[in-house]
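Every letter in the sequence shown is one number past the one before it in my numbering, and letter 2, counting from 1, is 172.
Quick reminder that beta carbons are idealized off the backbone N, C-alpha and C, glycines included.
Since we're looking at a predicted model, the values are computed, not measured.
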Amino acid sequence: MAEKFYAKIYVTTYPHPILVEVTARNTMEASKMIEAMYKGTFKSWYIRPTTNKEIR
171 MAEKFYAKIY VTTYPHPILV EVTARNTMEA SKMIEAMYKG TFKSWYIRPT
221 TNKEIR
């Protein structure tokens, strides 16, 4: 069953971490989806994917 995952990442085009949300089956799939979405601008993780909505 797919869940909504939230993460914060650094990208090369913005100096502060940005919030990203994706729907995935698990944390690993969410990580791969986020890295693919931001291919070329993804720099590093600030908060890795989690189902906890409180990181907003």
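| Item | Value |
| --- | --- |
| Expected contact under 8 Å - CB spacing of T193 and A172 to nearest Å | 5 Å |
| Within 7 Å, strictly: CB atoms of I188 and W215 | no |
| Beta carbon of I204 nearer than 7 Å to that of V190 | yes |
| Span of the beta strand (DSSP E) around A177 | E173 to V181 |
| Where P185 falls, given that 16 or more other Cβ within 10 Å makes a residue buried | exposed |
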